[in-house]
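Going by this note's numbering, the final residue of the sequence shown carries number 327, and the count climbs one at a time with no gaps. Even for Gly, the Cβ is constructed at its ideal location relative to N, Cα and C. Right, one structure below, let's go through it.
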Amino acid sequence: MKPLHRILALTAVAASALVPGAARPAQAADVIHVANVSRTLFSLPLWIAQRRGFMKDEGLETTSNILDNAEKINAALRSGEMQISMGTPEAVVIDGYKGGSLRIIAGNTGKLPHFIITKPEIKTLAQLRGANIGILSEKEGSTYVVQDIAKAIGLTPADYKMTAVGGAPTRWRLLKEGKIDAGLQPFPLSYEAEAAGFNNLGSVIPFVPDWQFTTVNADLKWAEKNRDLVVRFLRALQRGRDFMNTDREECAKIAAIELRTTVELAARALGDTEKLGILDPQLSINERGMNRVFDTLQKSGDIAADQKYDLKKFTDLSFWQASKQKK
């Protein structure tokens with residue numbers, strides 16, 4: 001026979017289910033593990049959505065994991081360790097043309113926020129000849145952008161070295177340690193570098209006006225089975241992006257915490273982000289920027305020369321489109 005207190009408890013629960021308006025146990029939140037390519041401003045819409053409760057409003061609990069390069073991120077998406085990533089699109093595009101299941105499901109950063117930061121001894125672009133330039137990884141945005149800049153200033157691949165070291169914070173640390181000579185740095189790290197006596201040789205935008213630098217990515221094998229979760233995530237992410245337009249002061253505070261910088265530098269970064277149009281207001285794809293990525297991948301041999309640009313091969317924007325519909 002069951003103990004009396006157990007019988008009474010079960011009876012009370014059953015009775016409460018029959019009473020209109022009776023309190024019910026809170027439903028557990030759906031968990032989504034998010035991979036971020038680097039601790040940079042590109043992830044601010046996510047951090048805002050987490051800290052302001054927008055993810056919670058959608059019944060979601062999300063994590064933010066810095067994995068530092070596309071190879072790690074895409075392996076984690078395929079294994080199911082991570083469900084969504086906010087990272088670079090190059091490896092996803094390549095995977096799509098190989099018949100893989102990785103897809104871009106929304107845009108994020110449609111222009112490059114980087115500046116060419118060098119050690120104090122390098123004061124001009126011409127002095128990059130012979131330099132060891134730190135890059136994110138072998139097949140990501142900064143790799144190709146560095147190559148474009150080098151070509152524009154008359155350097156051949158034999159005139160400089162590229163070393164895959166990881167994201168912007170890692171590049172900044174190695175630059176300070178003297179282990180690399182230069183690296184592309186987004187703000188606010190570029191501001192910190194200037195203040196520390198390193199040289200800023202200018203924005204990369206004159207060399208590369210449009211470039212789809214970061215996107216929201218997922219493995220379709222998971223996303224299609226969890227469409228509602230993906231749509232809810234994108235809806236909360238958009239609220240985070242919208243909040244950047246409504247409360248700059250609060251956003252600067254959140255950015256300062258997540259980027260481990262000062263509120264003043266974070267506020268300056270937010271201002272430059274808006275001025276340069278770096279983060280897309282609707283999380284949409286920058287078509288010209290995506291075309292530039294495709295062309296570069298094709299020139300490098302990562303995509304066959306006979307292939308045509310086809311957005312459908314590496315994107316599934318149906319999740320993003322559904323997130324724009326009113327609930």
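| query | result |
| --- | --- |
| Bridge partners - residue 235, DSSP secondary structure assignment | Note: residue 235 sits in no beta bridge, so no partner. |
| Through-space distance from residue 212 to residue 254, alpha-carbon basis | 25 Å |
| Reduced DSSP secondary structure (H/G/I, E/B, other) of residue 193 | helix |
| Start-to-end residues for the beta strand (DSSP E) that takes in residue 185 | 182-186 |
| Three CB pairs or more closer than 8 Å across the stretch 102-117 and the stretch 304-320 | yes |
| Cβ contact (3+ pairs, closer than 8 Å) linking the stretch 109-124 and the stretch 271-284 | yes |
| DSSP three-state assignment for residue 37, whether helix, strand or coil | coil |
| Residue burial classification, residue 119 (beta-carbon count within 10 angstroms, cutoff 16) | buried |
| Whether residue 35 touches residue 65 by CB criterion (8 Å) | yes |
| Rounded straight-line distance, which links the Cα of residue 235 to that of residue 312 | 22 Å |
| CB contact flag (residue 183, residue 133, <8 Å) | yes |
| Residues that residue 162 bridges to, as DSSP identifies them | 133 |
| Pairwise C-alpha distance: residue 87 and residue 138 | 14 Å |
| Cβ shell of residue 156 (< 6 Å), same chain only, five flanking positions each side left out | none |
| 7 Å CB neighbourhood of residue 291 in its chain, flanking five on each side removed | 309 |
| Every unbroken beta strand (DSSP E) within the stretch 54-142, with a cutoff of 3 residues, ordered by chain | 60-66, 84-87, 102-109, 114-118, 132-135 |
| Residue 160 and residue 296 closer than 8 Å at C-beta | no |
| Helix, strand or coil at residue 2 according to DSSP, with G and I counted as helix | Note on residue 2: pLDDT 42, under 50, position unreliable in the model; no value is reported. |
| Those residues which DSSP pairs with residue 337 across a bridge | This structure cannot settle anything about residue 337, because the visible part of the chain is limited to 1 through 327. |
| Exposure label - residue 188; buried when at least 16 CB within 10 Å | buried |
| Beta carbon of residue 233 nearer than 8 Å to that of residue 32 | yes |
| DSSP-derived helix/strand/coil call for residue 245 | coil |
| Buried or exposed by the 16-neighbour rule on C-beta atoms within 10 Å, applied to residue 247 | exposed |
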